[in-house]
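The next block holds one structure in the form of structure tokens; read it before the comments.
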Amino acid sequence: MTIELGLLGAYLPTAEATAADAVALEEAGYGAVWLAASPSADLHAAERLLDATGRIVVGTSVLNVWQTDAETVAASYHRITANHPDRLFLGIGAGHREVDAGYASPVAKISSYLDTLAAAGVPADRVLLAALGPRMLRLAADRAAGTLTLQVTPEHTRRARAALGPGKLVLPGHGVLLDTDADRARETGRAAVRPMLGIANYAANLRRIGYGDQDLADPISARLVDALVLHGDETAIAAGIRAELAAGADHVGLHAMGADPIGVLRAVAEEVLRS
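Quick note, the working numbering runs 26 ahead of the 1-based positions in the sequence shown.
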């Protein structure tokens with residue numbers, strides 16, 4: 027059975043996501059909560075949110091394959107889906123050379139991880155890959171439900187859709203910031219994306235889709251910040267979301283910035299879903 031994601035998802039830090047947050051997002055019309063920052067293999071954070079809600083899907087974004095044991099993840103998946111069928115996605119990723127000890131051959135490591143999940147009975151159509159480059163996109167097309175990514179643009183989404191074809195999920199994510207002062211919003215956005223630009227995988231992907239040294243070096247270019255962090259009023263943010271959908275996304279995950287992230291997510295959903 028197909029999992030229904032709807033148009034919008036919300037990224038929440040795994041350690042901070044509460045049942046009340048999930049209920050509020052479900053009431054606001056969100057189709058999914060994506061648990062950020064490498065959830066643990068027991069998936070208790072996902073289970074807690076599913077227990078508190080009746081419809082919303084919960085996914086991991088993403089399980090780090092160097093840090094989470096695949097057999098434990100598979101057992102957790104079966105425990106949770108016995109009570110919440112068709113509401114759990116396993117997003118998995120290969121991490122980053124800069125932060126993961128033992129990092130090597132990410133495609134081979136992901137392939138081995140997928141082998142273990144499959145042997146333990148986890149359906150391939152319940153697994154998503156954090157796929158940026160061509161080789162990982164091909165693996166997502168062949169062995170997963172699709173791709174789940176952050177720090178991408180509509181151009182990457184177009185390429186992902188072409189690589190995966192029409193039958194797979196393409197689920198990009200964006201930062202969103204309700205701030206109509208463009209200069210201030212860009213400075214906030216720069217602070218948010220600057221650490222990511224020091225990660226080779228992210229920087230290489232941005233170069234691959236058309237950004238150069240003048241964009242990635244400090245001060246990070248306005249065009250890059252604008253592409254990664256949707257900002258302005260609700261109408262402007264909704265336009266950025268629609269650009270992703272037009273580029274081939276099935277669903278867009280939002281990471282709200284600011285003091286009241288749930289309030290931002292509510293306001294954006296109201297604008298997007300009413301049209």
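No residue lacks a Cβ here, since even glycine has one placed at the ideal position from N, Cα and C.
The model shown is predicted, which means the values in this text are computed figures rather than measured ones.
**Request:** Going by DSSP, name the residue or residues bridged to tyrosine 37.
**Result:** In the sequence shown, the residue the question calls residue 37 occupies position 11. Paired residue(s): Trp60.
**Prompt:** Taking three-plus beta-carbon pairs below 8 Å as touching, is the region 122-142 in contact with the region 82-93?
**Reply:** When Cβ pairs closer than 8 Å are counted between the two stretches, the region 122-142 is seen to touch the region 82-93, the count reaching three or more.
**Item:** Nearest candidate by alpha-carbon position, reference arginine 216, set Leu174, Ser138, Ser247, Gly32
**Value:** Mapped onto the sequence shown, residue 216 falls at position 190. Considering only Leu174, Ser138, Ser247, Gly32, the residue with the shortest C-alpha distance to arginine 216 is Ser247.
**Asked** Looking at C-alpha atoms only, which residue of Arg81, Ala96, Ala54 is the closest neighbour of valine 88?
**Response** The residue labelled residue 88 in the question sits at position 62 within the sequence shown. For valine 88, the nearest C-alpha among the options comes from Ala96.
**Message:** Under DSSP, the beta strand (DSSP E) around valine 255 begins and ends at which residues?
**Reply:** What you label residue 255 is simply residue 229 of the sequence shown in a count that begins at 1. Counting along the chain, the beta strand (DSSP E) containing valine 255 begins and ends at 255-258.
**Prompt:** From aspartate 112 to valine 251, what distance separates their C-alpha atoms?
**Reply:** The count along the sequence shown starts at 1 and reaches residue 112 at position 86. The count along the sequence shown starts at 1 and reaches residue 251 at position 225. The alpha-carbon atoms of aspartate 112 and valine 251 are separated by roughly 35 Å.
**Close-in-space but distant-in-sequence residues of the same chain around serine 137 (CB under 8 Å, 5 per side omitted)** = As a working mapping, residue 137 is identified with position 111 in the sequence shown. Once the five neighbours on either side are set aside, the close Cβ partners of serine 137 are Leu165, Arg169.
**Asked** Does DSSP put alanine 282 in a helix, in a strand, or in coil?
**Response** Residue mapping note: residue 282 aligns to position 256 of the sequence shown, counting from 1. Note: alanine 282 maps to strand in three-state DSSP.
**Message:** Helix, strand or coil, according to DSSP, for asparagine 109 in the structure here?
**Reply:** Residue numbering aside, residue 109 sits at position 83 when the sequence shown is read from its first letter. Of the three classes helix, strand and coil, the one that applies to asparagine 109 here is coil, per DSSP.
**Message:** Does serine 87 come out as helix, strand or coil in the three-state DSSP assignment?
**Reply:** Locating residue 87 in the sequence shown gives position 61, where the first residue counts as 1. Serine 87: strand per DSSP, three-state reduction.
**Prompt:** For proline 180, which residues from the same chain have a beta carbon less than 7 Å from its beta carbon, with the 5 sequence-adjacent residues on both sides left out?
**Reply:** Reading the sequence shown from its first residue, position 154 is the one you call residue 180. Answer for proline 180: Ala269, Glu270, Ala273, listed in chain order.
**Given leucine 104 as reference, the closest of Gly147, Glu30, Gly191 once Cα atoms are compared** = Position 78 of the sequence shown, counted from the first residue, corresponds to residue 104. Reading off the sequence, residue 104 comes out as histidine, not leucine. Nearest of Gly147, Glu30, Gly191 to histidine 104, Cα basis: Gly147.
**Asked** Starting from valine 202 and walking both ways along the beta strand (DSSP E), at which residues does that stretch end?
**Response** Here residue 202 is taken as the residue at index 176 of the sequence shown, counted from 1. Its beta strand (DSSP E) spans residues 195-204.
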